[in-house]
Amino acid sequence: MGFTRFVAVGDSFTEGVGDPDPTRPNGLRGWADRVAEQLAAAHDGSGGEFTYANLAIRGRLLDEVIAEQVDAAVALEPDLITVYAGGNDLMRPTLDLDALIARYDAMLGELVATGATVVVFTAYDTGWAPVFRMLRGRIAIYNELLRAVAERHGALVCDFWRMRGYDDYRMWDTDRLHMSTLGHTRMAAQVLDVLGVDHDITTEVLAEAAAATRRQQRRQNAEWARTFLGPWVMRRVRGVSSGDGLTPRWPEPIAAADLRQRAFAAAGPDANVLTEAPRDTLGVRPV
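Right, dumping it as structure tokens:
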């Protein structure tokens, strides 16, 4: 299956938070850029130019994605759209899941009506992370409703909930909420597999993670709470979003081949090899 115009919409998941690259807008690369690079390579020699736009902004709720990104995405006339939305809604204290899915259903219908191939994502299984475990039941219901909506509209599903390996701290950034470079790399490979596109992303099996002592866990958990949890709570209290003041990374279609050239120039021939990340000061399994 070949694509020529790829547009990604959503929140921090799609913006690429957790996968830093200072040479790119907002200082991020992310799984969507990685997918675009691979699609550009697959398109080489097919005639014409492959383009990519990324409209995602961190912190966006579903309604904000709909209001700010859907019409803009449709206007770009893509033949491939990825959408991850609703994750921030799931973290709110109260939520009407049926109403959320009804709005998601309408959004997905609009995107599918363009004739583009549309890929949606389930939310990941938080059962292994004690601090987020309370959300597991809500997320499971959301995922089941989302799968039904996707099936009804004929959208492809990248089933994050069922993906293996994300119960490992190395797949997550130090904030324990966003994927790390490793996580984004593996997600890119999964999206390409869902699309049936050949790629050169190598997802090596990671060695067993070293266990932290209880003392290390307490220290690292306290540091995490001070560095990430506290500021997150304060933003909720003040009604401030982490995405306030930010603009989309690639609001206009760009030649995705340029992204691939930039990636290889920066990282060399191993740019798409998934390797073990070094342990950092917050590198324990999320709690």
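Note that our numbering has the sequence shown beginning at 785, numbered continuously upward.
Here a beta-carbon is modelled for each residue, glycine too, at the ideal position from N, C-alpha and C.
- Within 10 angstroms of the Cβ of Val801, are there 16 or more other Cβ atoms? Answer buried if so, exposed if not. Residue environment for Val801: buried (at least 16 other C-beta atoms within 10 angstroms of its C-beta).
Answer with buried or exposed for Pro914, where buried requires no fewer than 16 other C-beta atoms within 10 angstroms of its C-beta. Exposed is the call here.
| message | On the CB-based measure, 16 or more other CB atoms within 10 Å of its CB, does Met963 come out buried or exposed? | response | Buried, because 16 or more other Cβ atoms sit within 10 Å of the Cβ of Met963.
Exercise. For the region 787 to 796 against the region 845 to 859, are there 3 or more C-beta pairs whose distance is under 8 Å?
Worked result: Of all C-beta pairs linking the region 787 to 796 to the region 845 to 859, three or more are shorter than 8 Å, placing the two stretches in contact.
| request: Starting from the Cα of Arg844, find the closest Cα among Asp873, Ala824, Gln822, Ile925 and give me that residue. | output: Considering only alpha carbons, the answer is Asp873.
Curious, which full-length beta strand (DSSP E) runs of at least 3 residues does the region 858 to 930 contain?
-> Within the region 858 to 930, the complete beta strand (DSSP E) runs of at least 3 residues fall at 864 to 868, 901 to 905.
Within its chain, find whatever has a CB closer than 8 Å to the CB of Gly893; leave out the 5 residues flanking it on each side and keep chain order. His937, listed in sequence order.
Between the region 990 to 999 and the region 836 to 852, do at least 3 Cβ pairs fall closer than 8 Å? Segments in contact, no.
Exercise. Would you tell me roughly how many angstroms separate the C-alpha atoms of Pro1035 and Ala907, rounded to the nearest one?
Key: The alpha-carbon atoms of Pro1035 and Ala907 are separated by roughly 25 Å.
Review point. For Leu961 versus Asp817, is the C-beta spacing smaller than 7 Å?
Key: Their beta carbons are not under 7 Å apart, which means Leu961 does not touch Asp817 by this criterion.
| In whole angstroms, what is the alpha-carbon distance linking Arg946 and Thr901? | One C-alpha to the other measures close to 22 Å.
Here's the rule I'm using: 16 or more other beta-carbon atoms within 10 Å means buried, otherwise exposed. How should Asp1064 be labelled?
Caution is warranted here: a pLDDT of 36 is assigned to Asp1064, below 50, making its placement in the model unreliable, and the coordinate value is therefore given only provisionally. Result: exposed.
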